[in-house]
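Peer 1: Below are the structure tokens for one structure; questions will follow.
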């Protein structure tokens with residue numbers, strides 16, 4: 006492995022962008038060298054790529070990044086995370102660049118966050134706090150707002166120690182020995198706990214409502230196809246290209262938070278429902294996975310999962326691993342069934358950036374497409390058709406000739422493989438989804 010890039014990279018801000026309202030930020034990436042030097046340990050993504058992602062996340066909430074640094078860590082210090090010399094050097098750069106916010110691309114403990122703010126005399130947020138800020142800004146629906154607030158309060162609850170530092174916080178004892186500061190922290194924690202209880206009840210209602218919607222779709226029913234993938238892999242652009250919808254699709258991390266569904270007509274004539282979902286990211290905070298459970302349940306109910314990858318991204322393999330990790334975590338907590346890989350199709354998107362579909366390195370079972378140019382979309386639809394057909398069951402029915410309604414239903418919801426008519430009955434061999442077959446035979 007090569008050494009990490011130089012520890013300090015200045016990012017100048019054009020004079021035209023410097024206004025009285027500009028908030029100047031620094032992005033600092035802790036880089037643990039020993040993690041990539043251990044034999045047999047999966048190598049993490051390159052430092053420069055990880056830093057570029059953090060800069061993109063920071064810029065997406067309107068901060069102007071004027072200073073970046075990659076700081077190698079031999080060990081994590083409980084008080085500051087970094088070494089004292091590193092903190093001092095970065096403090097000089099922060100002061101020199103008039104920086105107001107420092108983003109540390111790692112999980113900071115409350116103590117580390119407080120000590121770094123004191124050392125650098127500015128606001129410090131970690132990776133979890135940054136992603137929560139982005140989600141809070143992008144949430145557009147009532148459901149999205151609830152989910153973001155739940156995640157934010159769960160995160161803030163553990164950091165109340167940073168508040169009320171001007172008051173006493175004596176530990177132990179009874180009565181008033183705790184001091185007024187401890188009393189205030191306890192009061193704040195009770196308020197947060199009460200709000201968390203209300204939010205969880207509201208989100209439980211959201212889950213029930215989504216469950217009713219899924220039940221209604223199963224009664225129709227149409228196969229459900231869910232898009233998953235790393236943030237900014239082009240899911241929404243592909244969603245629009247396949248369905249003709251006009252969902253917001255920007256070259257921006259986490260441009261989509263709330264799931265959207267549209268109808269899709271496949272080459273076989275079969276109708277399906279396509280669902281666009283929130284993007285994943287490396288080291289996705291646990292609070293967000295927990296809060297967005299109602300949204301992620303759409304993936305668990307899908308008949309086909311399209312794992313959309315940015316084939317042109319230099320870290321596409323690492324991004325694939327991050328998405329699979331989140332899906333495996335969903336299996337571990339019972340949200341997703343272990344058989345999800347069998348109903349997943351990898352979609353290698355952004356082929357236009359590599360010179361076309363033919364230039365994308367082949368991968369077994371994967372389909373290369375360009376959602377922007379439309380190249381490869383017919384191949385993808387055919388692959389979806391085949392995957393849906395693989396999950397179908399073949400059944401034989403003898404239907405009275407006068408029962409045209411039942412025959413029409415089979416033509417509409419299944420694939421009639423064979424048909425033979427005689428005076429007694431219409432003999433039909435039909436391929437149906439398991440849910441459709443159960444519904445037909447109950448009628």
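In the working numbering, the protein residues as written are 6 to 448. Beta carbons: idealized from backbone N, C-alpha and C, even for Gly.
Output the boundary residues of the beta strand (DSSP E) element that contains residue 78.
Peer 2: Note, residue 78: beta strand (DSSP E), 69-78.
Peer 1: Could you tell me whether the region 393-411 touches the region 429-446, using the rule of 3 or more Cβ pairs below 8 angstroms?
Peer 2: Contact between the region 393-411 and the region 429-446 is present, because at least three Cβ pairs lie under 8 angstroms.
Peer 1: Let's test the definition: count the other Cβ atoms within 10 Å of the Cβ of residue 233 and tell me whether it reaches 16, buried, or not, exposed.
Peer 2: That one is buried.
Peer 1: So what does DSSP say about residue 85, is it helix, strand or coil?
Peer 2: Coil.
Peer 1: Does the Cβ of residue 352 have 16 or more other Cβ atoms within 10 Å, making it buried, or fewer, making it exposed?
Peer 2: By the 10 Å Cβ count, residue 352 comes out buried.
Peer 1: Within 10 angstroms of the Cβ of residue 319, are there 16 or more other Cβ atoms? Answer buried if so, exposed if not.
Peer 2: Looking at its Cβ environment, which holds fewer than 16 other Cβ atoms inside 10 Å, residue 319 is exposed.
Peer 1: Give me the DSSP bridge partner(s) of residue 230.
Peer 2: DSSP, once it has assigned bridges, lists 279, 309 as partnering residue 230.
Peer 1: Is residue 136 near residue 66, with beta carbons less than 7 angstroms apart?
Peer 2: Taking 7 angstroms as the Cβ cut-off, residue 136 and residue 66 do not qualify as a contacting pair.
Peer 1: Give me the DSSP bridge partner(s) of residue 33.
Peer 2: Beta-bridge pairing links residue 33 to 74, 109.
Peer 1: Could you pull the start and end residues of the alpha helix (DSSP H) that residue 328 belongs to?
Peer 2: Residues 321-337.
Peer 1: Is it the case that the Cβ atoms of residue 272 and residue 387 are separated by a distance below 7 angstroms?
Peer 2: Taking 7 angstroms as the Cβ cut-off, residue 272 and residue 387 qualify as a contacting pair.
Peer 1: Which residues does DSSP pair with residue 373 in a beta bridge?
Peer 2: 353, per the DSSP bridge assignment.
Peer 1: Give the DSSP bridge partners of residue 129, in chain order.
Peer 2: Paired residue(s): 107.
Peer 1: Can you tell me where the alpha helix (DSSP H) with residue 418 in it begins and where it stops?
Peer 2: 409-418 is the span of the alpha helix (DSSP H), which, as asked, contains residue 418.
Peer 1: Please state whether the Cβ-Cβ distance between residue 32 and residue 70 is less than 7 angstroms.
Peer 2: In this structure, residue 70 lies closer than 7 angstroms to residue 32 by Cβ.
Peer 1: Suppose the cutoff is 8 angstroms on Cβ atoms and the five residues either side in sequence are ignored; what does the same chain contact list for residue 379 look like?
Peer 2: Only 246 meet the Cβ criterion.
Peer 1: I'd like to confirm the pairing. Which residues does DSSP put opposite residue 147 in its beta bridges?
Peer 2: Bridge partners of residue 147: none, in fact.
Peer 1: When every heavy atom of the ligand MN is checked, does at least one fall within less than 6 angstroms of the C-beta of residue 249?
Peer 2: Although the ligand MN was asked about, the structure shown includes no ligands whatsoever.
Peer 1: With distance defined between alpha-carbon atoms, name the residue in 72, 86, 114 nearest to residue 107.
Peer 2: The residue with the shortest Cα to Cα distance from residue 107 is 72.
Peer 1: In the DSSP assignment, find the alpha helix (DSSP H) that holds residue 286 and state where it starts and stops.
Peer 2: Per DSSP, residue 286 belongs to no alpha helix (DSSP H) and is neither H nor E.
Peer 1: Quickly, what does DSSP pair residue 437 with across the bridge? List them, please.
Peer 2: According to DSSP, which records beta bridges pairwise, residue 437 is partnered with 398.
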